[in-house]
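Peer 1: Here's a structure for you.
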C-alpha cells in the first residue's frame, strides 16, 4: 500500500498522514519543512533578494530531490504514506514560473530533471501510489489553518495574495493533470481530524473504503 496525501498549504496534510500512518501501522515520509534551509528565506526575504539569489528555483530543486528520495523508498518498501509527493511538486514550480519567480529556462531544467526521475520510478516493482488523498478546502479555511499552525514565516499578511494564487488552480491540477492514481477528495471545510475523534474515524473509513474499491478493480 502506498498513499499520497496532497493539497493546499495549511489544510492538514501532515496531520492526516500521521493519523493514517498510526492506523495502518505504516511509515510516513513527511514533507521536509522544519529542516529546510530555503523555506524561511523564500517566505521572508524581500522580493529583490529572492530574485537575486533565485530562491524559488533552488527551493523547487530542494523539494524535488527530497521527494524523489522519499518516493523511491516508499515504492520499494511496501506500506508507506507520503506527505505530499513528487507528482504535486510540479504544480508549485509552474505557479512560481507564472509569477515570474522561476524563469522559463529554469523551468525547462526542472522539468527535464523531473522527467528523468519519473523514468527511474518506472523501473521499480511498484510504480505509483494506490490513492492520492486530496485535502480540499475554501481559501478561508486555508488561511485560518495557516494562522493556527503559527509558523512565523508563513503567517505574514503580505503572503495572502500568494496563497490565493496557489489555491485558485489547485482543483484544476488535481482534475486535469494528476494521472498517477485514483483520487479520494476530503472536504476539510467540514472536517477537523485533529480535534474530532468522529472526523478522524470518518477519514479512516473513507480511505479504507477507497482502498477496497481500487483493489477490487
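Residue numbers (our numbering): 5 to 221.
We treat Cβ as the ideally placed atom computed from N, Cα and C, and that holds for glycine.
Given the structure is predicted, the values throughout are model-derived calculations rather than measurements.
How far does the alpha helix (DSSP H) with residue 122 in it reach, from first residue to last?
Peer 2: For the purposes of this step, residue 122 is taken as the residue at position 118 of the chain shown. Looking at the DSSP string, the run of the alpha helix (DSSP H) that includes residue 122 is 108-125.
Peer 1: Give me the Cα-Cα distance between residue 101 and residue 140, rounded to the nearest whole angstrom.
Peer 2: As a first step, residue 101 must be located in the chain shown, where it is residue number 97. As a first step, residue 140 must be located in the chain shown, where it is residue number 136. Approximately 23 Å between the Cα atoms of the pair.
Peer 1: Is the stretch 185-205 close to the stretch 164-171, with three or more CB pairs under 8 Å?
Peer 2: no
Peer 1: Using a Cβ-Cβ cut-off of 8 Å (strictly less than) and excluding sequence neighbours within five positions of residue 128, which residues of its own chain qualify?
Peer 2: In the chain shown, counting from the first residue as 1, residue 128 sits at position 124. Closer than 8 Å at the Cβ level, and outside the excluded window around residue 128, lie 76, 79, 80.
Peer 1: Consider the C-beta atom of residue 17 and the heavy atoms of the ligand SAH; say whether any pair is separated by less than 8 Å.
Peer 2: In the structure on display, the ligand SAH does not appear, and there are no ligands present to speak of.
Peer 1: For a quick check, are the C-beta atoms of residue 89 and residue 8 less than 9 Å apart?
Peer 2: On the chain shown, position 85 is the one that residue 89 refers to. On the chain shown, position 4 is the one that residue 8 refers to. Cβ atoms of residue 89 and residue 8: closer than 9 Å.
Peer 1: Can you name the start and end residues of the alpha helix (DSSP H) that residue 218 belongs to?
Peer 2: Residue 218 sits at position 214 when you count from the first residue of the chain shown. Residues 201-220.
Peer 1: Going by DSSP, what residues sit across from residue 140 in a beta bridge?
Peer 2: On the chain shown, position 136 is the one that residue 140 refers to. Answer is 191.
Peer 1: Where does residue 15 sit, in a helix, a strand or coil, going by DSSP?
Peer 2: The residue given as residue 15 occupies position 11 in the chain shown. Coil at residue 15, not helix or strand.
Peer 1: Would you tell me roughly how many angstroms separate the C-alpha atoms of residue 206 and residue 107, rounded to the nearest one?
Peer 2: On the chain shown, residue 206 is found 202 positions in, with the first residue counted as 1. On the chain shown, residue 107 is found 103 positions in, with the first residue counted as 1. Straight-line Cα distance between these residues: approximately 43 Å.
Peer 1: What span of residues does the alpha helix (DSSP H) with residue 176 cover, start to end?
Peer 2: Counted from its first residue, the chain shown places residue 176 at position 172. 174-180 is the extent of the alpha helix (DSSP H) around residue 176.
Peer 1: Could you pull the DSSP bridge partners for residue 84 from this structure?
Peer 2: Numbered from its first residue, the chain shown carries residue 84 at position 80. In DSSP, residue 84 forms a bridge with 6, 31.
Peer 1: Give me the Cα-Cα distance between residue 83 and residue 25, rounded to the nearest whole angstrom.
Peer 2: Here residue 83 corresponds to residue number 79 of the chain shown, with the count starting at 1. Here residue 25 corresponds to residue number 21 of the chain shown, with the count starting at 1. Cα to Cα, the separation comes out at about 9 Å.
Peer 1: Note down, in chain order, each residue of its chain lying with its Cβ closer than 7 Å to the Cβ of residue 132, except the 5 sequence neighbours on either side.
Peer 2: For the purposes of this step, residue 132 is taken as residue 128 along the chain shown, with counting starting at 1. Within the same chain, residue 132 has close Cβ partners 184, 185.
Peer 1: Do residue 135 and residue 214 have their C-beta atoms closer together than 9 Å?
Peer 2: Residue numbering aside, residue 135 sits at position 131 when the chain shown is read from its first letter. Residue numbering aside, residue 214 sits at position 210 when the chain shown is read from its first letter. Cβ distance < 9 Å, so residue 135 and residue 214 count as in contact.
Peer 1: Out of 198, 208, 199, which has the shortest C-alpha to C-alpha gap to residue 189?
Peer 2: Locating residue 189 in the chain shown gives position 185, where the first residue counts as 1. The shortest Cα separation from residue 189 among 198, 208, 199 belongs to 208.
Peer 1: In whole angstroms, what is the alpha-carbon distance linking residue 221 and residue 62?
Peer 2: Position 217 of the chain shown holds residue 221. Position 58 of the chain shown holds residue 62. In a straight line, the C-alpha of residue 221 is about 41 Å away from that of residue 62.
Peer 1: Please classify residue 216: is it buried, with 16 or more other beta-carbons within 10 angstroms of its beta-carbon, or exposed?
Peer 2: In the chain shown, residue 216 corresponds to position 212, counting from 1. Exposed, by the Cβ-count rule.
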